[in-house]
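So for the sequence shown, the working numbering puts the first residue at 140; every next one is plus one.
All residues carry an ideal CB built from backbone N, CA and C; glycine is no exception.
Since this is a predicted model, take the numbers as computed values, not measurements.
Data first, discussion second: the structure below is written as structure tokens.
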Amino acid sequence: MAKMLYAATMSLDGFIAGPGGDMSWLKPYFGPNPEMDGLVHRIGALLVGRRTHEGDDPNRGTENEGAFGGTWNGPTFVLTHRPPADPVPGVTFVDDLERAVAAAREAAGDRYVNILGADVARSCLDAGQLDEILVCVAPVLLGEGTRLFERPGGDNVPLERIHLSHGQLATNIWTRVLPR
């Protein structure tokens with residue numbers, strides 16, 4: 140069965156997006172990173188939040204537009220209570236977390252479901268549906284924006300490091316979510 144993976148690039152001070160969802164800060168940190176570059180081939184489906192799905196793509200308007208620098212081609216499930224009026228090719232809109240996770244896992248088969256979006260990742264964690272987290276830490280301080288995880292009043296979440304690696308421009312930390 141597919142594992143649920145939250146993979147994101149984060150600033151050293153804990154942000155995955157800048158103010159207003161700005162993702163342009165990522166551009167200087169695109170570069171050779173074997174861990175992240177090889178990840179797309181291990182993913183069978185994406186589970187994405189609506190804000191992320193409609194958000195700022197630092198590669199918008201280029202051949203690299205889209206998830207994983209435009210290399211993603213597979214089923215995408217967007218968790219939202221406001222699906223668009225017109226269908227989007229290759230995208231399934233789901234209004235319930237449990238159904239979205241089940242559909243994404245089924246579509247992914249024995250590969251990962253990659254979660255995109257901090258709110259969806261937090262919801263999966265809170266529901267006991269998050270298996271692993273891969274964070275690519277970029278050497279930059281953003282100061283504000285969207286945090287990797289924000290759980291006001293939340294409890295500690297124990298993690299076990301699976302793997303640590305270094306890309307040319309960032310450090311990757313792959314962890315497993317341990318039972319609480």
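Check, Outcome
"Simplified DSSP assignment, three categories, for Asn198", "For Asn198, the pLDDT reaches just 48, beneath the cut-off of 50, and the residue's location in the model is therefore unreliable, although a value from the coordinates is still provided. In this structure, Asn198 counts as coil in the three-state DSSP scheme."
"Beta-carbon spacing of Ala257, Leu287 below 9 Å", "yes"
"Where Gly157 sits in the DSSP three-state scheme", "coil"
"Nearest candidate by alpha-carbon position, reference Pro318, set Ile312, His305 and Asp294", "Asp294"
"Cα-Cα separation, Leu165 to Asn212", "21 Å"
"Rounded separation between Pro237 and Gly248 - CA only", "Before going further, note that residue 237 is Glu rather than Pro in the sequence given. Between Glu237 and Gly248, the C-alpha separation is close to 17 Å."
"Under the three-state DSSP convention, the category Leu298 falls into", "strand"
"DSSP state of Val316 mapped onto helix, strand, coil", "strand"
"Any 3 or more C-beta pairs closer than 8 Å across the region 215-223 and the region 274-291", "no"
"Inter-residue CB distance, Ala184 and Ala224 (contact presumed, cutoff 8 Å)", "Not confirmed; about 24 Å, so no contact."
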